[in-house]
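What follows is one structure encoded as structure tokens, with my remarks underneath.
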Amino acid sequence: MQVTALESGSFQISFEVVQTFFSHMVAFLSGPTITAAANLQSLLFGNSVVDGVIYLIKKFRGTSPDKVTPLKEGMVRLQYGDETVDISVESLKLLQSLPVRDSLQKIIEEPLKMDGIEVFEVRSGGKTTETVTREESVYFAKPSMPDEILVDDHRRAAFSIMALAFKDDNKWRLSNGEQTISAKIEDADFLRRVNENEVSFSKGDILICYLHVIQKRTDTGIKTDYIVDKVIDHKPGTRQIPFIFE
9 MQVTALESGS FQISFEVVQT FFSHMVAFLS GPTITAAANL QSLLFGNSVV
59 DGVIYLIKKF RGTSPDKVTP LKEGMVRLQY GDETVDISVE SLKLLQSLPV
109 RDSLQKIIEE PLKMDGIEVF EVRSGGKTTE TVTREESVYF AKPSMPDEIL
159 VDDHRRAAFS IMALAFKDDN KWRLSNGEQT ISAKIEDADF LRRVNENEVS
209 FSKGDILICY LHVIQKRTDT GIKTDYIVDK VIDHKPGTRQ IPFIFE
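Numbering of the sequence shown is given in our numbering, commencing with residue 9 and proceeding in unit increments.
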């Protein structure tokens, strides 16, 4: 980021588009790099008042459209409540892109939180074509994405007990011999027997369980939750030599 004083009490902030950000944009655009750069400027800042992605985010306060309708010749119609606006498919892709929205947050929203910075302006040929005030900057925060369930699996599994938990979350550390997991125990009858000292544990004890595994894609990556729905059997750690009795 470069900050240059234009006049007393005024600053111009110019941003250089880093290669990683630019590569995300070029993936959406056709043509060589120079053409892609020109298209990027048009799509972000617009050739008219309703063309640019920045304009759309500011006007509709960072919300997602209620409906998207495909039109002819590479256009789509966005509906926000009773209002509609027609944009190109390329603009829609940029509007939907998390890398783009993340970069706009860093370029617009985060600097406007700083003391002394009151407005973000886009200028072309010395003329201001777009502005975002500090109050409007919150619209450019990257939208939070709902978690996407990738795996929802039920299985039978055996675990040795590494650590018990008697707090409200009831998350125990269990090991299958290769992996140690933190699993929430949701077998109410088993927990009752544990709390009433009807079940005791020693080193090497094994639990045979019905295990529920949920894997989700989140904003920060893959998250895995382990839930013990039912404890089928509790095998003591001490083993005895099996004899045959008549």
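We put the CB at the ideal spot given by N, CA and C, even for glycine.
- If you look at Gln223, you'll find it in the beta strand (DSSP E) that goes Ile214 to Thr226.
- Excluding sequence positions up to five before and after Arg164, its CB lies within less than 8 Å of the CB of Ile216, Cys217, Tyr218, Leu219 and Ile240, all in the same chain and listed in chain order.
- Relative to Val130, the option among Leu199, Tyr63 and Gly245 whose CA is nearest is Tyr63.
- Put simply, of Trp180, Val146, Ser96 and Gln113 the residue whose alpha carbon is nearest the alpha carbon of Ile189 is Trp180.
- Taking a 10 Å sphere around the C-beta of Ile157, we find fewer than 16 other C-beta atoms and assign the residue as exposed.
- Per the Cβ contact rule, the stretch 63-79 is in contact with the stretch 138-147 (3 or more Cβ pairs under 8 Å).
- For Asp233, the CB contacts under 7 Å within the same chain, skipping 5 residues up- and downstream, are Ile222 in chain order.
- In this structure, Leu102 sits near Val61, with a CB-CB distance shorter than 8 Å.
- Scanning Asp90, Pro250 and Asp227 for the CA closest to the CA of Arg109 turns up Asp227.
- Under DSSP, Phe253 forms no beta bridge with any residue.
- In the three-state reduction of the DSSP assignment, Leu120 falls in the helix class, which pools H, G and I.
- Between the alpha carbons of Gly89 and Ala171 lies a distance of about 53 Å.
- Excluding the 5 residues flanking it on each side, Lys224 has same chain C-beta neighbours closer than 6 Å at Asp155, Ile157 and Lys231, in chain order.
- Annotation: the continuous alpha helix (DSSP H) that includes Ser111 extends over Leu106 to Leu112.
- Shown here, Asp161 sits in a strand according to DSSP, grouped into three states.
- Sixteen is the threshold: since fewer than 16 other Cβ atoms of the shown chains lie within 10 Å of the Cβ of Val159, the residue is exposed.
- Sequence-distant Cβ neighbours of Val207 in its own chain, meaning closer than 8 Å and more than five residues away, are Phe198, Arg201 and His242.
- In the structure shown, Arg201 adopts helical secondary structure according to DSSP, grouped into three states.
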